[in-house]
Amino acid sequence: KNEVEQSPQNLTAQEGEFITINCSYSVGISALHWLQQHPGGGIVSLFMLSSGKKKHGRLIATINIQEKHSSLHITASHPRDSAVYICAGLHMEYGNKLVFGAGTILRVKS
Amino acid sequence: GAVVSQHPSWVICKSGTSVKIECRSLDFQATTMFWYRQFPKQSLMLMATSNEGSKATYEQGVEKDKFLINHASLTLSTLTVTSAHPEDSSFYICSAWTSGSYEQYFGPGTRLTVT
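Sequence lines, in order, name chains A and B. If you number the first sequence the way our numbering does, the last residue is 165 and the count never jumps. If you number the second sequence the way our numbering does, the last residue is 228 and the count never jumps.
Here it is as structure tokens:
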């Protein structure tokens, strides 16, 4: 069982739709990154969460420590949001290494 | 926010030559830098962890003599791919972390093509 599991693996949405990507993680992970990667591009860190909720523009990330679950929401989605979204857990026992989810491929159609 | 740069952003080299990739933290001091490799349509694979002034710690299966890492200062780490072969062609990404923070800051990546 992976220590960080993401769903869905693939997601297609129509422009304007509200999008949710989920991430579950195991014991030992103390914080979670949400990362974005456009095709052929580098990694952009969207959020780092250890508790609560963060918002940046149309993006919202939440984390529930008790349930070991985090979600990334995109409101009013746009084709430029099409990218791979990756959640990555910071594992303190592994020397602060990141444990990566498999990624969610998001395609937003106009 | 914190910025990490990588140089070069892309490089093409001939088989058998060596290539150096630089990772710099521009506005903060990085206690630790991580080097990742990413194959097409796959997630990032951690290659090694580099702490300033000490030897890098390599992940299982990563050849330390082939992928030389030097973390000479708190703002610069280098990855040298020695005697490169076509199978070393990949996207190499670094990230930087500073003590007291949970956050890792990613560089934009370097695309290496070995012909």
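All C-beta atoms in this analysis are idealised placements derived from N, C-alpha and C, irrespective of residue type, glycine included.
With three or more CB-CB distances shorter than 8 Å, the stretch 94 to 107 of chain A counts as touching the stretch 204 to 218 of chain B. Within the same chain, Thr211 and Ser212 come within 6 Å of Thr144 of chain B by CB-CB distance, once the 5 residues on both sides are set aside.
In this structure, the alpha-carbon of His111 of chain A lies about 24 Å from that of Glu60 of chain A. Put simply, the stretch 189 to 198 of chain B does not touch the stretch 128 to 138 of chain A. Fewer than three CB pairs are less than 8 Å apart. For Tyr149 of chain A, the secondary structure class from DSSP, reduced to helix, strand or coil, is helix.
Contact annotation: the stretch 164 to 173 of chain B does not touch the stretch 116 to 131 of chain B, with fewer than three C-beta pairs closer than 8 Å.
Secondary structure at Arg135 of chain A: helix, using DSSP grouped into helix, strand and coil. Legend: CB atoms of the stretch 86 to 103 of chain A lying less than 8 Å from CB atoms of chain B belong to residues Ala86, His88, Leu90, Gly96, Gly97, Ile98, Val99, Ser100 and Met103.
For Pro221 of chain B, the chain A residues whose C-beta falls within less than 7 Å of its own C-beta are Gly97, listed in chain order.
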